Each structure stands twice: as C-alpha cells, then as structure tokens.
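Asks:
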Amino acid sequence: MRTGTRKYEKTRRISAVIILLFCICAAFVLQFGSRWKYDTDHTSGFASYAGVRMQESIYRNVLDYYLPVIGTQQEEQRSLSQVLADTVTGCFPVYTYAAQAQDADDMTDVAADGKQAFEAELEQQLALQLKEENEAWYMEESGIDAQDAAGHSLQQSFLQQMQGSDLAGSREKSLFSYATAKSGQVDLKELEDYQTLVKKHYRIDGMTASNAAQLNVKKLLKQDMTLAEDVDGPQILIYHTHASEGYRDSKAGDLKESVVGLGDYLTELLTERYGYRVLHDRGVYDTDRDHAYGVAGPALERILNEHPSIEIVIDLHRDGVGEDVYLLTEVNDTVMAPVMFFNGLSYTNTSGQVSALKNPNLSTNLAFSLQMELLASEYYPGFSRGIYLKGLRYNMHYCPKSLLVEVGAQTNSLQEAMNAMPPLADTLNRVLSGEKP
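Numbered according to the working numbering, the sequence shown spans residues 30 to 466.
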C-alpha cells in the first residue's frame with residue numbers, strides 16, 4: 030500500500046512539473062507572438078496587449094495551482110475567452126457600445142465597424158484643433174520669426190498706402206512674372222544639420238516630434254517626384270477636404286470664391302501652361318467640418334481606384350488664424366497670400382506611433398513637401414511660410430506623392446490667395462520635372 034502511494038505521489042509530482050514547464054513555454058510563445066505581431070502588423074497595440082493579458086491568465090492559473098493560499102487572496106481566475114473579451118473592449122471602446130445592440134453572431138462585423146469609427150475619430154482631430162493651435166502658434170511667434178516680421182511690416186506699409194482698400198486690386202487673374210532663374214541657393218550642406226533644417230524650414234507642433242533620421246535632407250531629396258509618361262487618364266488630382274473655406278471678401282456658399290475657386294485656377298494653370306492632365310474634384314466634404322476627413326477619405330479612395338493613372342494628390346486648404354493676424358508677402362512685384370506646406374507624422378508625444386493611423390507613404394509625403402519648400406525658397410523667396418508638422422495623417426496615406434497646402438488665411442482677400450497660384454504651379458512643375466534644389 031505504501032509502495033503504491035509513493036508511486037502515486039511521484040507520478041503526481043512529475044505531472045505537476047510537466048504542467049509548470051508547459052505553462053512557462055506557453056507564456057514564452059505568447060510573448061514572442063505578441064512581439065512579432067507588434068513589429069509586423071497594423072494592429073500592433075491589440076496584439077501586444079492581448080499577449081500580455083493571456084500571460085496574466087496563465088500566470089494566475091499556475092499561481093492558483095501551486096500557491097492556493099495566495100491565489101485565493103487575489104481576484105477571481107478568468108478564462109481565456111474572458112481575457113480576449115476584456116482585450117477587445119479595452120483596445121476598442123466603441124466595441125462595447127456596439128455590442129449592446131448586436132447579437133453574438135454579428136460580433137466580427139461590429140469589431141470591424143468599431144475599428145473604422147476609431148480611425149475616423151482620430152482623423153477628425155485636425156478639424157477640431159487646427160484653428161486654435163495655429164492662433165496660439167502665431168501669437169507665440171509674433172515678433173520672433175524674421176519672415177513673419179517682414180510680412181507684418183509689408184502689411185503695415187500697404188495698409189498705409191492703400192488706406193484699407195483691397196491690397197491686391199480687382200478679382201482678375203494675376204499677371205505674374207514667373208521666375209526664369211533662381212533668386213538664391215539653399216545651402217544643402219548646412220541643412221544636413223537637423224536643428225538648422227528645422228529652424229529654417231519647419232514648424233513642429235507641440236503635440237508631435239520628429240528627428241534627424243526622419244528629416245534627412247539627402248534621403249528626402251533623392252526621392253524621385255517625376256511622373257510616368259504615356260499614361261491614359263489624369264495625372265494630378267486636386268481636391269479640398271474643407272471646400273467651404275473662404276476669404277474675407279468671399280461670398281458665403283459660393284464655391285468659386287472659396288478654396289475650390291483656387292483649385293479651378295490651379296487646374297487651369299497646370300493644364301494650359303504646363304500640359305498636365307488634371308482632375309479637380311469640387312466635392313464638398315465639410316458640411317460637418319468636424320468629420321470632414323472621415324467623409325473625404327472614402328471619396329478620395331474611390332477616385333484613386335477609378336483613376337489609377339493619378340500619381341499626385343493635392344489637398345488645397347486655407348489656414349485659420351487670429352483675426353488680428355494678416356499673412357501677406359510680395360513675390361516678383363505681386364502682393365499675395367503666402368502658402369504653407371503641411372505633413373502629418375502619425376505620431377503624438379503622448380501615444381507614440383499612432384499605429385491605427387499608420388501611413389506607409391510618410392517618407393514620400395515628406396520628400397514631396399521638402400522639395401517644394403526648398404525650390405520655392407530658391408525661386409520665390411518669401412512665398413512659403415515653411416512646412417508645418419502635426420501628429421496624425423490627414424488622408425495623406427492614400428497616395429505617396431500627396432501634398433497638403435494652406436493658402437493664406439481667412440483674413441486675406443480672395444485675390445491675394447488667387448495670386449499665389451502661379452508661383453505654386455510653377456514650383457510644382459519644377460519638382461515634377463525632376464529639378465532639385
């Protein structure tokens with residue numbers, strides 16, 4: 030009898046050791062799997078979090094088995110299905126709300142809808158934050174930035190001369206004097222220093238951050254922006270996430286006097302002067318401004334699917350500033366609103382990489398705006414206010430050669446904004462023709 034008991038105890042102990050080793054190996058595999066998913070999948074946050082929660086569940090089972098006294102003092106053991114449910118609701122809160130109105134058979138569809146809603150909600154942050162943050166930024170920069178200071182002096186001078194009249198004159202197309210040679214030369218060697226590059230050509234929003242590896246002048250200038258030849262269909266798409274944005278003398282509701290009118294003029298210049306095939310989408314996506322990016326995204330995707338020949342996407346905007354801020358510059362004897370290029374980095378200081386809004390085209394987006402900025406600086410000094418970097422992606426992930434341009438602000442006249450189209454078109458042509466700074 031004692032021999033049988035000893036054999037039983039020995040067998041029990043061997044089984045316990047085997048179970049323990051199995052649990053340890055399982056935890057290792059889950060850790061490896063969650064890390065692999067983090068590095069390779071767009072749903073990295075979910076995979077990593079699920080791996081950790083599964084490990085915790087296994088750990089709790091082992092603890093309760095080997096140290097039952099301690100185990101009973103902790104929370105109740107959860108099953109693997111409970112861990113997965115907690116993981117989903119923790120990562121995607123919208124899933125919880127949707128689950129209340131759906132049957133269990135619809136959970137897969139609900140999760141997909143929740144992810145789309147989550148992405149759309151993040152994408153709308155620009156509409157809610159851009160105006161306020163830019164106002165604060167301009168107030169902070171007032172009297173510090175040399176270019177803005179020069180623009181302020183120019184504004185005061187013209188105001189005194191014209192006594193409040195329309196600084197740009199009538200709403201006729203600008204008789205702009207196009208540059209035939211560079212007015213200056215950027216020092217590329219100097220711009221290899223990250224701090225110098227940022228100081229001269231970038232404005233980085235306080236909610237995000239960049240680095241020397243991302244803003245590497247040599248790498249960004251090496252990227253080819255030229256267009257494929259002998260293709261059927263449009264090459265360039267111009268559209269407006271915020272089509273309703275107008276200027277101080279624009280007629281409300283008249284798209285010809287909003288940024289859409291700027292798009293009409295830019296389309297004409299690119300088509301008639303430079304021979305590009307341009308599709309101008311005059312769709313209005315900002316009836317609800319707070320959700321404009323979420324509305325414009327599917328429409329943009331549809332257009333690109335219908336016209337695979339499109340290589341360039343330009344989202345034309347108008348900036349929003351404080352009512353006492355007046356952006357004005359003079360280029361080749363023409364008074365105009367300056368432009369600002371814009372990029373989203375899909376990165377915030379609080380959350381790090383925003384994996385749910387991943388942009389595989391970020392490097393090409395950055396190369397496009399930098400090449401535009403540097404050539405504009407050489408041919409049309411004072412035309413560009415630089416490149417503004419924010420934290421999300423702003424629908425620039427749909428096309429590698431995407432360009433978001435802010436033309437003046439609501440305090441400019443429509444004509445001042447129109448006058449900015451010829452140098453913008455000329456700079457764009459130079460970049461698309463392969464010219465480098």
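C-beta atoms are modelled at their ideal positions from N, C-alpha and C, and glycine is treated no differently. The model shown is predicted, which means the values in this text are computed figures rather than measured ones.
1) Whose CA, out of D261, L395, S392, lies closest to the CA of S338?
2) Going by C-alpha to C-alpha distance, which of E219, V246, A438, G323 sits closest to F397?
3) If you follow the beta strand (DSSP E) that D455 is part of, which residue opens it and which one closes it?
4) So, at 7 Å on beta carbons, what are the nonlocal neighbours of S279 in its own chain, with the 5 sequence-adjacent residues on each side left out?
5) Give the straight-line distance between the Cα atoms of K251 and P466, rounded to the nearest whole angstrom.
6) Check D348 in the structure and name its three-state DSSP category.
7) By Cβ distance below 8 Å, which residues in the same chain neighbour V434 in space, the five residues on each side in sequence not counted?
8) Tell me where the beta strand (DSSP E) around E483 begins and ends.
9) Under 8 Å between the Cβ atoms of L266 and D293?
10) Please state whether the Cβ-Cβ distance between T489 and K419 is less than 8 Å.
11) From L298 to Y423, what does the alpha carbon distance come to, in whole angstroms?
12) Please classify T101 as buried or exposed, where buried requires at least 16 other C-beta atoms within 10 Å of its C-beta.
13) In the DSSP assignment, find the unbroken beta strand (DSSP E) run with G255 in it and report its ends.
14) Can you tell me the Cα-Cα spacing of E258 and Y409, whole angstroms?
15) Mark R459 as exposed unless 16 or more other C-beta atoms lie within 10 angstroms of its C-beta, in which case mark it buried.
16) Taking 8 Å as the cut-off, does the segment 376-388 touch the segment 229-243 (at least 3 CB pairs, one atom from each stretch)?
17) Decide if P327 is buried, meaning its Cβ has at least 16 other Cβ atoms within 10 Å, or exposed.
18) With DSSP as the reference, label I233 as helix, strand or coil.
19) Distance, Cα to Cα, L220 vs K211?
20) Can you have a look at Y207 and say buried or exposed, based on whether 16 or more other CB atoms are within 10 angstroms of its CB?
21) Taking the Cβ atom as the reference point for each residue, do L403 and V227 lie within a distance shorter than 8 Å?
22) With a 10 Å radius around its C-beta and 16 neighbouring C-beta atoms as the bar for buried, classify M447 as buried or exposed.
23) State yes or no: is the C-beta of L295 within less than 8 Å of the C-beta of Y427?
24) List the DSSP bridge partners of I341.
25) Considering E359, what are the terminal residues of the beta strand (DSSP E) in which it resides?
26) Pull the bridge partners of L418 from the DSSP assignment, please.
27) Per DSSP, which one or two residues make a beta bridge with M365?
28) What first and last residue would you give for the alpha helix (DSSP H) that runs through L391?
29) Taking just the CA atoms, how far does D362 sit from S19?
30) For R306, which residues of its own chain have a beta-carbon under 6 Å away from its beta-carbon, when the five flanking residues on both sides are left out?
31) State the DSSP-derived secondary structure class of L249, mapped to helix, strand or coil.
32) Restricting to Cα atoms, I'd like to know which of N388, Q439, L356, L461 is closest to S413.
33) Could you check the C-alpha separation between I43 and L50 for me, to the nearest Å?
34) Along the chain, where does the alpha helix (DSSP H) containing V307 start, and where does it finish?
35) Please report how far the alpha carbon of V332 lies from the alpha carbon of A325, in whole angstroms.
36) Which of helix, strand or coil does DSSP assign to K444?
Replies: If we stick to the structure as given:
1) By one-based count along the sequence shown, residue 338 stands at place 309. Ranking D261, L395, S392 by Cα distance to S338 puts D261 first.
2) The residue you call residue 397 lines up with position 368 of the sequence shown. With distances taken between Cα atoms, F397 lies closest to V246.
3) For this step, residue 455 is matched to residue 426 along the sequence shown. Per DSSP, D455 belongs to no beta strand (DSSP E); it is in the alpha helix (DSSP H), 450-461.
4) Position 250 of the sequence shown, counted from the first residue, corresponds to residue 279. Once the five neighbours on either side are set aside, the close Cβ partners of S279 are E286, S287, L443.
5) If you number the sequence shown from 1, residue 251 lands on position 222. If you number the sequence shown from 1, residue 466 lands on position 437. Taking the straight line joining both Cα atoms gives about 11 Å.
6) Against the sequence shown, residue 348 aligns to sequence position 319. Three-state result, D348: strand.
7) Counting from one through the sequence shown, the residue named residue 434 turns up at place 405. I343, D344, L345, H346, V368, M369, F370, F371, L453, listed in sequence order.
8) In the structure as shown, the chain starts at 30 and stops at 466, and residue 483 therefore has no counterpart that could be examined.
9) In the sequence shown, the residue the question calls residue 266 occupies position 237. In the sequence shown, the residue the question calls residue 293 occupies position 264. Not a contact, by the Cβ cut-off of 8 Å.
10) Since the first and last residues shown for the chain are 30 and 466, residue 489 lies out of range.
11) For the purposes of this step, residue 298 is taken as residue 269 along the sequence shown, with counting starting at 1. For the purposes of this step, residue 423 is taken as residue 394 along the sequence shown, with counting starting at 1. Going from the Cα of L298 to the Cα of Y423 covers about 26 Å.
12) By 1-based counting over the sequence shown, the position of residue 101 is 72. The predicted model places T101 with a pLDDT of 35, which falls under 50 and marks its position as unreliable; any figure quoted below should be read in that light. Under a 10 Å Cβ-count criterion, T101 is classified as exposed, with fewer than 16 other Cβ atoms of the shown protein chains found around its own Cβ.
13) What you label residue 255 is simply residue 226 of the sequence shown in a count that begins at 1. Checking the sequence shown, residue 255 turns out to be Thr, not Gly. Where T255 is concerned, there is no enclosing beta strand (DSSP E), given that its DSSP letter is neither H nor E.
14) Along the sequence shown, one-based indexing puts residue 258 at 229. Along the sequence shown, one-based indexing puts residue 409 at 380. Between the C-alpha atoms of E258 and Y409 there is a straight-line separation of about 28 Å.
15) If you number the sequence shown from 1, residue 459 lands on position 430. Counting the other Cβ atoms within 10 Å of the Cβ of R459 gives 16 or more, which makes it buried.
16) In short, these stretches touch, since the Cβ pair count reaches three.
17) Indexing the sequence shown from 1 puts residue 327 at position 298. Exposed: under 16 other Cβ atoms inside 10 Å.
18) Numbered from its first residue, the sequence shown carries residue 233 at position 204. Of the three classes helix, strand and coil, the one that applies to I233 here is strand, per DSSP.
19) If you number the sequence shown from 1, residue 220 lands on position 191. If you number the sequence shown from 1, residue 211 lands on position 182. Spanning the two alpha carbons is a distance of roughly 18 Å.
20) Position 178 of the sequence shown, counted from the first residue, corresponds to residue 207. By the 10 Å Cβ count, Y207 comes out exposed.
21) Taking the sequence shown and counting its residues from 1, one reaches residue 403 at position 374. Taking the sequence shown and counting its residues from 1, one reaches residue 227 at position 198. No.
22) Translated into the one-based positions of the sequence shown, residue 447 becomes position 418. Buried, by the Cβ-count rule.
23) Mapped onto the sequence shown, residue 295 falls at position 266. Mapped onto the sequence shown, residue 427 falls at position 398. Contact: no.
24) As a first step, residue 341 must be located in the sequence shown, where it is residue number 312. I341 pairs with I265, K430.
25) Locating residue 359 in the sequence shown gives position 330, counting from the first residue. First-last of the beta strand (DSSP E) with E359: 358-360.
26) Translated into positions along the sequence shown, residue 418 becomes position 389. According to DSSP, L418 bridges with I233, N372.
27) Counted from its first residue, the sequence shown places residue 365 at position 336. For M365, which the question treats as bridged, DSSP gives the partners T358.
28) On the sequence shown, residue 391 is found 362 positions in, with the first residue counted as 1. Where L391 is concerned, the enclosing alpha helix (DSSP H) stretches over 391-408.
29) Residue coverage of the chain in this structure runs from 30 to 466, which leaves residue 19 outside it and unanswerable.
30) Counted from its first residue, the sequence shown places residue 306 at position 277. Hits under 6 Å: P263, Q264.
31) Within the sequence shown, numbered from 1, the residue matching residue 249 stands at position 220. In this structure, L249 counts as helix in the three-state DSSP scheme.
32) Taking the sequence shown and counting its residues from 1, the one referred to as residue 413 is at position 384. Taking only the C-alpha atoms, the option nearest S413 is L356.
33) Counting from 1 along the sequence shown, the entry for residue 43 is found at position 14. Counting from 1 along the sequence shown, the entry for residue 50 is found at position 21. For I43 and L50, the distance between alpha carbons rounds to 11 Å.
34) Position 278 of the sequence shown, counted from the first residue, corresponds to residue 307. No alpha helix (DSSP H) holds V307; the beta strand (DSSP E) holding it covers 307-309.
35) Here residue 332 corresponds to residue number 303 of the sequence shown, with the count starting at 1. Here residue 325 corresponds to residue number 296 of the sequence shown, with the count starting at 1. Reading the sequence as shown, one finds Ile at residue 332 and not Val. Their backbone Cα atoms lie some 11 Å apart in a straight line.
36) Within the sequence shown, residue 444 is the residue found at index 415, counting from 1. It should be noted that the sequence gives Gln, not Lys, for residue 444. Q444 falls in the helix class under three-state DSSP.
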